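Undergrad: If you're matching them up, the sequences are chains X and B in order.
For any residue, its number in my numbering is found by taking its place in the first sequence, counting from 1, and adding 10.
For any residue, its number in my numbering is found by taking its place in the second sequence, counting from 1, and adding 10.
Backbone N, C-alpha and C fix where the C-beta goes; we use that ideal spot for every residue, glycine too.
All values reported here derive from a predicted model rather than from experimental measurement.
Shown below is the structure under consideration.
Number of protein chains: 2
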Amino acid sequence: MDTMNDRLREVLKSVVVYHIRLGVPIGSRTITKLSEIGLSPATIRNVMADLEELGYLMHPHTSAGRVPTEKGYRFYVDQLLGDLLEPVQPINWPSRPEGPADMLHNASRLLSHMTNYAGVALAPKPAQRTFKQIEFVGLRPRQVLAIFVSEEGLLHQTLFELDRDVTVNELSAMSEYLNQRFGGLPLHKVKAQILEDMRAVKERYDWLLRHALQLGQQAIDTAAEGELYLEGTTNILTQANFDDLDELKRLFKAFEEKYQLLKILEQCAETPGVQVYIGSENAALGTRTCSLVASTYECDGRPIGSVGVIGPTRMDYSTVIPLVQSIAQQLSRFFGEWREGPAR
Amino acid sequence: MDTMNDRLREVLKSVVVYHIRLGVPIGSRTITKLSEIGLSPATIRNVMADLEELGYLMHPHTSAGRVPTEKGYRFYVDQLLGDLLEPVQPINWPSRPEGPADMLHNASRLLSHMTNYAGVALAPKPAQRTFKQIEFVGLRPRQVLAIFVSEEGLLHQTLFELDRDVTVNELSAMSEYLNQRFGGLPLHKVKAQILEDMRAVKERYDWLLRHALQLGQQAIDTAAEGELYLEGTTNILTQANFDDLDELKRLFKAFEEKYQLLKILEQCAETPGVQVYIGSENAALGTRTCSLVASTYECDGRPIGSVGVIGPTRMDYSTVIPLVQSIAQQLSRFFGEWREGPAR
DNA sequence: TTTAGCACTCATAATAATAGAGTGCTAAGC
DNA sequence: GCTTAGCACTCTATTATTATGAGTGCTAAA
Chain X
11 MDTMNDRLRE VLKSVVVYHI RLGVPIGSRT ITKLSEIGLS PATIRNVMAD
61 LEELGYLMHP HTSAGRVPTE KGYRFYVDQL LGDLLEPVQP INWPSRPEGP
111 ADMLHNASRL LSHMTNYAGV ALAPKPAQRT FKQIEFVGLR PRQVLAIFVS
161 EEGLLHQTLF ELDRDVTVNE LSAMSEYLNQ RFGGLPLHKV KAQILEDMRA
211 VKERYDWLLR HALQLGQQAI DTAAEGELYL EGTTNILTQA NFDDLDELKR
261 LFKAFEEKYQ LLKILEQCAE TPGVQVYIGS ENAALGTRTC SLVASTYECD
311 GRPIGSVGVI GPTRMDYSTV IPLVQSIAQQ LSRFFGEWRE GPAR
Chain B
11 MDTMNDRLRE VLKSVVVYHI RLGVPIGSRT ITKLSEIGLS PATIRNVMAD
61 LEELGYLMHP HTSAGRVPTE KGYRFYVDQL LGDLLEPVQP INWPSRPEGP
111 ADMLHNASRL LSHMTNYAGV ALAPKPAQRT FKQIEFVGLR PRQVLAIFVS
161 EEGLLHQTLF ELDRDVTVNE LSAMSEYLNQ RFGGLPLHKV KAQILEDMRA
211 VKERYDWLLR HALQLGQQAI DTAAEGELYL EGTTNILTQA NFDDLDELKR
261 LFKAFEEKYQ LLKILEQCAE TPGVQVYIGS ENAALGTRTC SLVASTYECD
311 GRPIGSVGVI GPTRMDYSTV IPLVQSIAQQ LSRFFGEWRE GPAR
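Below, the structure written as C-alpha cells:
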C-alpha cells in the first residue's frame, strides 16, 4: 500500500476539499456523511491512518480530525484537482485600460477582488523588453527628463542633471541618434551595444554623442527595476490565522518591500503556464502558511511576465487556478494586440 | 477645582509620560516612586480622582491604574509638552534626491524608520501648483503621451488615443501653444481658462487647437489626483494592540485605499505648522486608537503639502513632533531651492 | 492639607472538573 | 479478506472555582 490507489485518492480528496470548505480538521464521520464515498467511519479511519503514514495527512492532536500536509495539498493540486476546476465566472474588466501599466494594475485588482486574497502582477521583465523609443524633455536649464518606451508599451521616466545647458535641438538630436541606433533591439543587446559604443566614442571629443549614450544607458538601467502591482493585502488580514503573529508580520514586511515577491514572480516567469507554490515553498516571502498561484502571460509566444494570487494554504484552488489562468490569457491577448498596433 | 492648577497639571503629565513609556495603566504608587513630585500615593490618588472627574483620566477597571483619555492627551500635547520636546537627532537623508517626488518618498521613509511608526507625505496639492510645461511624445500612430510638469517639479504622464494621426510638428505646435498660453499660471486658473478657450474655439474648425486644449485639460485633470507616499505600515502591526482586530483591519483598508488619508492630509495642509490629531479625531481612517502628527511644508511662504506620522495614540509625541517639524522644514527648504533654479 | 491604614473591587492566573469530538483497536459480520 | 459496530481511550475546549494582588476610595489621625 505504498502507492496511491483509488480509495486513498478519493479520501484524500475529500479531506482536502472539506478542509478548504470548512476550515477545520476533518474527521471520519464528516467524510461518510458529506461525501458519497459510501463507507463507514471506521473504514475511513483506516484509510486516513494510511494516508497519514504516507505523509499526506496529519493530526493536530489525538482527538482531532485530519488536516492535509503540504504533501497532501501538492498531491491534490497536481493529481486530484482535474475534474473539480470551476468554470471561470465572467470577468468584469473596468473600462478600456490606458495602457499596459494600467492593464496590469487592473489585473491585480481584479484577482484580489474576485478571490478575496491578494492579487499580484509582474510587469514584463526588463530583459525581455524591446527598445522602442527614447525621448528627452528639457525641464530646466541643465535638467533633462528621459522617457523610455518599450515595444511592450511600458513607460519609464528618469530625471537627469547635466553639467551644461542643452538646447532643444541638441536634445532631439540625441534622442534621434539613440532611436535610430537601438530601435527594435532587445534591451540586453542595447545595453551591450551602448557599452561598446561608449568605448568607441571615448577617444573622440563629442560631448553630445557621449552624453546621449550615457543618458540612454542610465534611462535603461533605471527602467530595469522590475515593476510589481500588488493589491488586496488587507484581505490576508481577514483570512489569516492570528495564532502566528510573527509570520503575519514577516509576510506584510515582504509585501511592503516587494523585493522578495518580485524575485519569486520573476523566477516563476521562467516556466510557462500556471504554477502553484504551497506553504513553505514560499519561505522567501516569510510565510509557511500561504500559497501562491501564479501564471505567466505571453507575448509573441514567449512568457514575458506573470500574475497571481497569494492566499492561505487552504485557499480555494479549484476557483483560483482557473481564474489566474484566465486572467493570464487575457493579459497575453492584450499584449499581443498591443504589439500589433494601435487599438481600434 | 474645575480649573487646572499646577499640581493637577503635574500629575496628569506624569501619568501621560509614564503611560507612553510603560504602556500600562499608571497607579498612584508608580508616580510617587518614579516622579519627583514628592507626594504620597494617597495624595496622588486624590489628585487623580479629580483628574478623572474632569475627564482627563480614566479607569479601565476598579483595581487598575489610570490611563489618559483623549482629552488628557490633547491637554498634554497642547499645554504640557513644551519643555519635554526632545531635540531632533541628526537626520540622515539618503543621497541627493532625483526630484521632488523622490524627496517626498524619502521623507515618508525617513519618518517611518526613525519613529517605527508609519510615515506619510502628501505631494503639493494640485490646486496649489503652477503650470510650467507640457510636452507631447508620439508613441504610436494615434497615441500620444502627455508629460505635464509643474513649477514645483512634479511630473505627470497621461496616455491619449486620438482619432487621427499627428505628426511630430503638430505635436510640438500643440505643446508650444499650451506652454505659451498657460505657462506660469496656477492650475486652477489654467483650468478655467481652458474651458473658456474651448468655448471660444468651438465655432472655428481648428482640429489642432481644439485637441491641444482637450489634451491639456485631460492631462491636468489626471495630474489633479493627489499623490501620497506611505511607508512603514507594517510597523503598525507590531505596535498595535490586537484586542481590536476589526479596528486594525479598517486601518489597513484605509492604508490600502489611501483616499481617506489623502483627504485628511489635504485638510491638514490648510493650516500651517504641526498639528496633532488624536484617537477618534481620525475616525475617517477607521481607527479610534491612532494618532496622526502632521505638518505642512511650504514654498514661497505658503503651505503646499504635508508630511506626518501615524502611530498609536500613546505614541512618543515628544520625539515625533519635533521630528515631523524638522522634516517639514527641510522639505520647505528643498522646495524653495527647487523653485529658485537648477541645483548647484 | 497630607498621609497612613484598611476594607473593598476586580482582572488575571492557576486549578479542577466536565463534555465532546475523534481516534485506534478488536471482534463480529458479510 | 474486507467492512463495520462497539468501546475504551486521549486530548482539547469550556466552564466553574478559587487564589492572588494591584490599586483604589474612604476615614481618621498627624
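I'd like to confirm something about Lys-212/X: is its beta-carbon nearer than 7 Å to some heavy atom of the ligand PLP, or not?
TA: Summarising the ligand content, the structure contains no ligands, and the ligand PLP is consequently not present.
Undergrad: How many angstroms separate the CA atom of Val-26/X from the CA atom of Ala-304/X?
TA: For this step, residue 26/X is matched to residue 16 along the first sequence. For this step, residue 304/X is matched to residue 294 along the first sequence. In a straight line, the C-alpha of Val-26/X is about 20 Å away from that of Ala-304/X.
Undergrad: State buried or exposed for Ala-338/B, treating a residue as buried only when at least 16 other CB atoms are found within 10 Å of its CB.
TA: As a working mapping, residue 338/B is identified with position 328 in the second sequence. It is buried - the Cβ of Ala-338/B has at least 16 other Cβ atoms within 10 Å.
Undergrad: Report the rounded CA-to-CA distance for Arg-1/B versus Tyr-287/X, giving the unit in angstroms.
TA: The shown model of chain B, from 11 to 354, leaves out residue 1/B, and the question about it has no answer.
Undergrad: State the start and end residues of the unbroken beta strand (DSSP E) segment that holds Arg-312/X.
TA: Here residue 312/X refers to the residue found at position 302 when the first sequence is read from its first residue. Looking at the DSSP string, the run of the beta strand (DSSP E) that includes Arg-312/X is 312–322.
Undergrad: Pick from His-29/X, Gly-33/X, Met-58/X, Ser-38/X: whose alpha carbon is nearest that of Asn-15/X?
TA: Position 5 of the first sequence holds residue 15/X. Among His-29/X, Gly-33/X, Met-58/X, Ser-38/X, the Cα nearest to that of Asn-15/X is on Met-58/X.
Undergrad: Look up Gln-285/X in the DSSP assignment and give the residues it is bridged to.
TA: For the purposes of this step, residue 285/X is taken as residue 275 along the first sequence, with counting starting at 1. Ala-304/X, per the DSSP bridge assignment.
Undergrad: According to DSSP, is Asp-12/X helix, strand or coil?
TA: As a position in the first sequence, residue 12/X is number 2, starting the count at 1. Its pLDDT being 49, under 50, Asp-12/X is placed unreliably in this model, and the value from its coordinates should be taken loosely. Reduced to three states, the DSSP call for Asp-12/X is coil.
Undergrad: Of all the CB atoms in chain B, is at least one closer than 8 Å to the CB of Gln-167/X?
TA: Position 157 of the first sequence, counted from the first residue, corresponds to residue 167/X. For Gln-167/X, the answer is yes, since a Cβ of chain B falls inside 8 Å of its Cβ.
Undergrad: Among Leu-247/B, Asp-310/B, Ile-314/B, which residue has its Cα nearest to the Cα of Asn-126/B?
TA: If you number the second sequence from 1, residue 126/B lands on position 116. Minimum Cα distance to Asn-126/B is reached at Leu-247/B.
Undergrad: Closer than 8 Å between beta carbons: that is the criterion. Which residues of the stretch 244–264 of chain B meet it against chain X?
TA: Those would be Thr-244, Leu-247, Thr-248, Phe-252, Leu-255, Leu-258, Lys-259, Phe-262, Lys-263, in chain order.
Undergrad: In the DSSP assignment, find the alpha helix (DSSP H) that holds Lys-273/B and state where it starts and stops.
TA: The sequence position of residue 273/B within the second sequence is 263, counting from 1. 269–278 is the span of the alpha helix (DSSP H), which, as asked, contains Lys-273/B.
Undergrad: How many Å lie between Leu-261/B and Leu-121/X at the Cα?
TA: The residue you call residue 261/B lines up with position 251 of the second sequence. The residue you call residue 121/X lines up with position 111 of the first sequence. Looking at the two C-alpha atoms, the distance is approximately 22 Å.
Undergrad: Does Gly-193/B come within less than 8 Å of chain X when only Cβ atoms are used?
TA: Residue mapping note: residue 193/B aligns to position 183 of the second sequence, counting from 1. Not one chain X Cβ lies under 8 Å of Gly-193/B.
Undergrad: Does the pairing of the stretch 289–299 of chain B with the stretch 211–228 of chain B give three or more beta-carbon distances under 8 Å?
TA: In short, these stretches do not touch, since the Cβ pair count stays below three.
Undergrad: For Lys-23/B, which residues from the same chain have a beta carbon less than 7 Å from its beta carbon, with the 5 sequence-adjacent residues on both sides left out?
TA: In the second sequence, the residue the question calls residue 23/B occupies position 13. Here the set comprises Tyr-86, Leu-90.
Undergrad: What residues from chain X crowd round Gly-311/B, counting only those whose CB sits closer than 7 Å?
TA: Position 301 of the second sequence, counted from the first residue, corresponds to residue 311/B. Result: empty, since nearest Cβ-Cβ is about 22 Å, beyond 7 Å.
Undergrad: Indicate whether the contact test is met: 3 or more Cβ pairs, each with one atom in the stretch 263–282 of chain X and one in the stretch 153–163 of chain X, closer than 8 Å.
TA: Too few Cβ pairs lie closer than 8 Å, so no.
Undergrad: I'd like the list of long-range same chain contacts for Met-425/X, defined as Cβ closer than 7 Å, with 5 residues on each side in sequence excluded.
TA: Residue 425/X lies beyond the range of chain X shown here (11 to 354); nothing can be said about it.
Undergrad: Identify which residue in Ile-36/B, Leu-271/B, Ala-222/B, Gly-296/B has its Cα closest to the Cα of Asp-254/B.
TA: The count along the second sequence starts at 1 and reaches residue 254/B at position 244. Ranking the options by Cα distance to Asp-254/B, first place goes to Gly-296/B.
Undergrad: Can you check DSSP and say which residues form a bridge with Met-241/B?
TA: Along the second sequence, one-based indexing puts residue 241/B at 231. The identity of residue 241/B in the sequence shown is Glu, whereas the question assumes Met. In DSSP, Glu-241/B forms a bridge with Gly-129/B.
Undergrad: Listed in chain order, which residues of the stretch 265–293 of chain B have Cβ atoms closer than 7 Å to some Cβ of chain X?
TA: Cβ contacts with chain X come from Glu-266.
Undergrad: With three or more beta-carbon pairs closer than 8 Å as the criterion, would you say the stretch 305–322 of chain X touches the stretch 91–109 of chain X?
TA: The stretch 305–322 of chain X vs the stretch 91–109 of chain X: no contact.
Undergrad: Quick check: is the beta carbon of Arg-19/B nearer than 8 Å to any beta carbon in chain X?
TA: Residue mapping note: residue 19/B aligns to position 9 of the second sequence, counting from 1. Not closer than 8 Å to any Cβ of chain X, the Cβ of Arg-19/B fails to qualify, so no.
Undergrad: Considering Cα atoms alone, identify which of Gly-194/B, Thr-323/B, Pro-332/B is closest to Gly-82/B.
TA: Counting from 1 along the second sequence, the entry for residue 82/B is found at position 72. For Gly-82/B, the nearest C-alpha among the options comes from Thr-323/B.
Undergrad: Let me make sure I understand the geometry here. Which of Glu-180/X, Leu-225/X, Gly-193/X has the alpha-carbon closest to that of Glu-162/X?
TA: Position 152 of the first sequence, counted from the first residue, corresponds to residue 162/X. It is Gly-193/X whose Cα lies nearest to the Cα of Glu-162/X.
Undergrad: Quick one: what does DSSP say Gly-92/B is sitting in, helix, strand or coil?
TA: Translated into the one-based positions of the second sequence, residue 92/B becomes position 82. Gly-92/B: helix per DSSP, three-state reduction.
Undergrad: Looking only at its chain, what residues have a beta carbon closer than 8 Å to the beta carbon of Arg-354/X, apart from the 5 residues adjacent to it on each side?
TA: One-based indexing of the first sequence puts residue 354/X at position 344. Any reading at Arg-354/X is ruled out, since the residue's pLDDT is 45, under 50, leaving its predicted position unreliable.
Undergrad: Who are the near neighbours of Asn-189/B in its chain, counting only those whose CB is closer than 7 Å to its CB and skipping five residues on each side?
TA: Position 179 of the second sequence, counted from the start, is the residue given in the question as residue 189/B. Within the same chain, Asn-189/B has close Cβ partners Gln-143, Ile-144.
Undergrad: For Asn-245/X, which residues in the same chain have their Cβ closer than 7 Å to its Cβ, ignoring the five residues on either side in sequence?
TA: Position 235 of the first sequence, counted from the start, is the residue given in the question as residue 245/X. Here the set comprises Ser-122, Asn-126, Tyr-127, Ala-128.
Undergrad: On the CB-based measure, 16 or more other CB atoms within 10 Å of its CB, does Arg-31/B come out buried or exposed?
TA: Here residue 31/B refers to the residue found at position 21 when the second sequence is read from its first residue. Exposed is the call here.
Undergrad: Measure how close the beta-carbons of Ala-210/X and Tyr-187/X come, nearest whole angstrom, since I'm counting them as under 8 Å.
TA: If you number the first sequence from 1, residue 210/X lands on position 200. If you number the first sequence from 1, residue 187/X lands on position 177. With a Cβ gap of about 14 Å, Ala-210/X and Tyr-187/X do not count as contacting.
Undergrad: Do Tyr-239/B and Ser-118/B have their CB atoms nearer than 8 Å?
TA: Translated into the one-based positions of the second sequence, residue 239/B becomes position 229. Translated into the one-based positions of the second sequence, residue 118/B becomes position 108. Yes. Within cutoff.
Undergrad: On a Cα-Cα basis, can you pick out the residue from Arg-298/B, Ile-331/B, Thr-281/B that is closest to Pro-313/B?
TA: Position 303 of the second sequence, counted from the first residue, corresponds to residue 313/B. Checking every option, the nearest Cα to that of Pro-313/B belongs to Thr-281/B.
Undergrad: Out of Phe-344/X, Gly-351/X, Arg-191/X, which has the shortest C-alpha to C-alpha gap to Met-113/X?
TA: By one-based count along the first sequence, residue 113/X stands at place 103. It is Phe-344/X whose Cα lies nearest to the Cα of Met-113/X.
Undergrad: Can you list the residues of chain X that Val-147/B reaches, using a CB-CB cut of under 7 Å?
TA: The residue labelled residue 147/B in the question sits at position 137 within the second sequence. The answer, in chain order, is Glu-145, Ile-157.
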